[in-house]
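What follows is a single structure, written as structure tokens, with notes after it.
Residue numbers (the numbering used here), protein chains in the order written: chain D, 57 to 472; chain C, 59 to 366.
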């Protein structure tokens with residue numbers, strides 16, 4: 057059983073929370089006491105139907121303002137897979153939450169109101185899904201009930217969306233368009249009886265059919281060492297195990313490896329998972345690796361295959377960043393850069409561009425980047441980082457920037 | 059077999075192994091990023107799962123941090139017995155601190171009335187314990203699927219000097235990168251099984267053949283009926299005159315204090331039946347926690363005050 061992570065995005069009031077509520081409701085993921093709580097809360101609001109959006113709008117401030125203000129995680133499963141939805145707010149000022157929620161997602165679910173069609177946020181979300189290299193985008197044209205389920209209305213919106221997608225998409229990304237009504241459960245898990253003209257999949261079918269597992273295992277092999285296990289007990293006197301989670305690719309017992317940044321080489325003696333010995337392990341697995349000879353490896357080092365000639369090592373490089381903090385990013389400033397589990401100091405040497413993600417344009421000569429802005433920067437690190445180009449190997453190509461004084465995570469970067 | 063039952067059988071024993079890999083990764087980050095971490099152990103199935111994950115994360119080494127239990131004095135005796143056994147079995151150091159001591163020192167005040175519990179009081183003892191041992195990270199078994207306010211909790215959740223949680227000041231967590239940097243006085247609550255559901259936990263316990271306290275299985279117990287729920291009778295429960303205890307067959311879905319955990323009628327004597335019960339359950343897990351019923355925003359308010 058695998059896990060599919062989904063990020064949802066939309067504008068205020070396009071019915072995102074209702075869509076998620078509907079998905080949970082129709083996959084039998086809501087227990088009776090929660091439905092009862094929904095019924096009484098819906099009644100208190102004076103509604104004569106079940107307000108499914110109340111299932112996910114969790115915080116007190118949200119209930120007061122009737123909006124979603126932070127990333128919420130929602131879970132459901134089918135016999136095929138487990139689903140994790142990162143439900144992120146659609147407000148312009150909370151774009152940082154959208155990037156956060158989408159960072160682990162393999163599917164981006166974007167909502168468009170059938171009455172309004174494309175809005176500024178639609179373009180923003182599509183651009184961010186592409187910046188993050190999310191392989192699958194599902195655009196749901198919602199509230200079809202409010203446009204009398206007209207095929208012409210959907211076609212009109214879809215053709216405008218396709219023009220926009222043509223500007224944002226990248227090779228390897230698939231985009232699908234679905235006419236739905238969250239409120240009335242049309243094309244969510246059941247084919248719509250109101251829209252017989254639509255012959256495509258329901259939303260759930262789109263999710264169930266999506267395949268993504270192979271890509272990561274085939275990417276270049278990267279194993280960042282998280283923790284060195286040295287029991288120093290009688291039974292494990294000279295034992296030295298390198299613990300970590302493989303970020304991409306595949307490692308096999310007997311593989312010749314190289315340690316970055318030191319360049320030392322060795323051979324994989326064992327790959328262990330608790331009491332079990334494995335022949336190989338792939339991306340995503342938390343393992344312990346032992347090597348055939350004693351070499352000096354510490355936390356933050358990265359293990360790659362020795363056969364690879366072009367090993368990643370960056371000190372002066374450029375990257376796209378999304379700024380997450382109220383205090384702007386300014387050129388010349390020093391931050392802590394965390395790439396995976398490895399942290400080093402980094403100086404922002406230049407901000408070269410600011411992107412307008414709603415217009416797909418950019419401006420140069422940028423003094424600073426503000427909260428929720430996306431731009432291109434040049435930076436220099438104190439120690440080399442073993443990062444890949446994000447577009448080529450997303451699981452080893454991102455980093456976060458941390459403010460040295462507040463300790464906050466203030467930015468996220470994608471190596472160019 | 060009905061459609062519902064076949065849907066249930068499809069989900070039994072289906073533990074997504076990726077969840078374990080992610081949780082082990084988080085355990086290792088805690089050990090690497092903090093000077094004095096601790097694992098908050100309650101004796102419930104979620105914290106038992108944490109102990110298992112910690113064992114796996116550092117094997118063949120020992121768990122490099124202590125297990126800490128805040129004993130309210132209202133725990134089920136079966137839980138305490140299990141706690142001591144597990145700590146020994148895992149070869150882990152066990153630290154126990156008592157809510158009764160906080161009450162005796164005048165730092166916490168016993169609640170009165172028929173709904174009196176020590177659930178809120180344990181926050182005081184917990185914060186004192188964190189200060190006593192200078193813990194900078196406390197690992198807990200909270201899951202995001204338990205409750206709406208928990209759904210927004212980070213994996214590394216930074217708390218201020220007073221253990222307070224501020225939903226608006228949370229750090230963004232991107233990809234799997236965890237930023238555990240803190241200033242003096244701050245500490246971090248870590249939730250390695252954030253993304254697990256109740257069903258994931260049970261399927262994991264089953265696949266791993268883990269031991270759990272006996273009260274999770276059906277047994278005979280003296281209970282009273284109150285507010286449509288079954289409450290375990292004990293010396294700590296303030297009963298009204300018309301609340302007469304009687305014996306019946308029950309089990310617990312969640313293990314907290316005797317005064318704030320409701321029992322459910324059940325004949326489930328093994329884990330398969332428990333999982334079936336959960337899948338066809340009509341009541342969600344936290345619905346059996348009396349403390350959350352106090353108000354819709356009960357959990358969020360307690361968290362702001364430093365509750366776990």
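Beta carbons: idealized from backbone N, C-alpha and C, even for Gly. These numbers come from a predicted model, not from an experiment.
Which of the three DSSP states, helix, strand or coil, is assigned to residue i?
i, result
"residue 181 of chain D", "helix"
"residue 60 of chain C", "Because the pLDDT of residue 60 of chain C is 44, which lies under 50, any placement of that residue in the model is unreliable, and the number read from its coordinates should be weighed accordingly. Coil at residue 60 of chain C, not helix or strand."
"residue 450 of chain D", "helix"
"residue 220 of chain C", "coil"
"residue 431 of chain D", "strand"
"residue 253 of chain D", "coil"
"residue 123 of chain D", "For residue 123 of chain D, the predicted structure reports a pLDDT of 46, less than 50, and the residue's modelled location is therefore unreliable. A value from the coordinates is still provided. The answer is coil: DSSP assigns residue 123 of chain D none of H, G, I, E or B."
"residue 90 of chain D", "helix"
"residue 439 of chain D", "strand"
"residue 472 of chain D", "coil"
"residue 187 of chain C", "helix"
"residue 466 of chain D", "strand"
"residue 111 of chain D", "helix"
"residue 209 of chain C", "helix"
Report the rounded CA-to-CA distance for residue i versus residue j, giving the unit in angstroms.
i, j, result
"residue 337 of chain D", "residue 274 of chain D", "12 Å"
"residue 220 of chain D", "residue 199 of chain D", "21 Å"
"residue 153 of chain D", "residue 120 of chain C", "38 Å"
"residue 350 of chain D", "residue 185 of chain D", "44 Å"
"residue 307 of chain C", "residue 91 of chain D", "27 Å"
"residue 117 of chain D", "residue 228 of chain C", "Legend: pLDDT at residue 117 of chain D = 48, less than 50; position of this residue unreliable, no value from coordinates given."
"residue 65 of chain D", "residue 82 of chain C", "30 Å"
"residue 70 of chain D", "residue 182 of chain D", "16 Å"
"residue 366 of chain D", "residue 303 of chain D", "18 Å"
"residue 313 of chain C", "residue 101 of chain C", "7 Å"
"residue 435 of chain D", "residue 409 of chain D", "13 Å"
"residue 158 of chain C", "residue 131 of chain C", "7 Å"
"residue 281 of chain D", "residue 73 of chain C", "26 Å"
"residue 202 of chain C", "residue 223 of chain C", "15 Å"
"residue 237 of chain C", "residue 113 of chain C", "23 Å"
"residue 188 of chain C", "residue 73 of chain D", "38 Å"
"residue 288 of chain D", "residue 151 of chain C", "18 Å"
"residue 459 of chain D", "residue 377 of chain D", "15 Å"
"residue 223 of chain D", "residue 446 of chain D", "19 Å"
"residue 244 of chain C", "residue 462 of chain D", "12 Å"
Between the options, which has its C-alpha nearest residue i's C-alpha?
i, options, result
"residue 172 of chain C", "C:296, C:338, C:306 and C:307", "C:296"
"residue 109 of chain D", "D:94, D:100, D:265 and D:102", "D:94"
"residue 87 of chain D", "C:309, C:74, C:256 and C:318", "C:256"
"residue 249 of chain C", "C:74, C:73 and C:86", "C:86"
"residue 309 of chain C", "C:301, C:277, C:294 and C:318", "C:277"
"residue 430 of chain D", "D:413, D:441 and D:141", "D:413"
"residue 467 of chain D", "C:200, C:231 and C:269", "C:231"
"residue 179 of chain C", "C:264, C:129 and C:238", "C:129"
"residue 78 of chain D", "D:276, D:241 and D:340", "D:241"
"residue 49 of chain C", "D:464, D:465, D:469 and D:57", "Given a span of 59 to 366 for chain C in the structure shown, any question on residue 49 of chain C remains unanswerable."
"residue 444 of chain D", "D:433, D:424, D:469 and D:461", "D:469"
"residue 260 of chain D", "D:441, D:289 and D:196", "D:196"
"residue 319 of chain C", "C:251, C:268, C:177 and C:269", "C:177"
"residue 297 of chain D", "D:333, D:271 and D:150", "D:333"
Which residues bound the beta strand (DSSP E) around residue i?
i, result
"residue 152 of chain D", "Segment 151-158 is the alpha helix (DSSP H) holding residue 152 of chain D; no beta strand (DSSP E) there."
"residue 106 of chain D", "Segment: none, residue 106 of chain D is in no beta strand (DSSP E) and carries neither H nor E."
"residue 131 of chain D", "128-133"
"residue 76 of chain D", "That residue, residue 76 of chain D, is in no beta strand (DSSP E); its alpha helix (DSSP H) goes 72-82."
"residue 370 of chain D", "370-379"
"residue 235 of chain D", "230-235"
"residue 192 of chain D", "192-198"
"residue 445 of chain D", "First-last for residue 445 of chain D: undefined, no H or E at that position."
Could you give the residue range of the alpha helix (DSSP H) that holds residue i?
i, result
"residue 414 of chain D", "Per DSSP, residue 414 of chain D belongs to no alpha helix (DSSP H) and is neither H nor E."
"residue 178 of chain C", "Where residue 178 of chain C is concerned, there is no enclosing alpha helix (DSSP H), given that its DSSP letter is neither H nor E."
"residue 389 of chain D", "Looking at the DSSP string, residue 389 of chain D is not in any alpha helix (DSSP H), and its letter there is neither H nor E."
"residue 362 of chain D", "Element bounds for residue 362 of chain D: n/a, residue is neither H nor E."
"residue 221 of chain D", "207-224"
"residue 155 of chain C", "Here residue 155 of chain C belongs to no alpha helix (DSSP H); instead the beta strand (DSSP E) covers 152-156."
Name the chain B residues that come within less than 8 Å of residue i, Cβ to Cβ?
i, result
"residue 241 of chain C", "Among the protein chains in the structure shown, which are D and C, there is no chain B."
Under 6 Å from any heavy atom of the ligand SAM, does the C-beta of residue i make it?
i, result
"residue 87 of chain D", "Of the ligands one can find in the structure shown there are none, so the ligand SAM has no counterpart to examine."
Which runs of the alpha helix (DSSP H) at least 4 residues long sit entirely within the segment 80-146 of chain C? Give them in chain order. 103-116
Going residue by residue through the segment 262-341 of chain C, where are the continuous beta strand (DSSP E) segments of at least 3 residues, counting only ones entirely within it? 277-284, 287-290, 304-310 and 320-323
Ordered list of beta strand (DSSP E) runs contained in the segment 265-292 of chain D, each at least 3 residues: 283-285
At what residue ranges does the segment 280-351 of chain D contain a whole run of the beta strand (DSSP E), taking only runs of 3 or more? Here the runs fully enclosed are 283-285, 297-301, 306-308, 312-316, 321-329, 332-334, 336-338 and 342-347.
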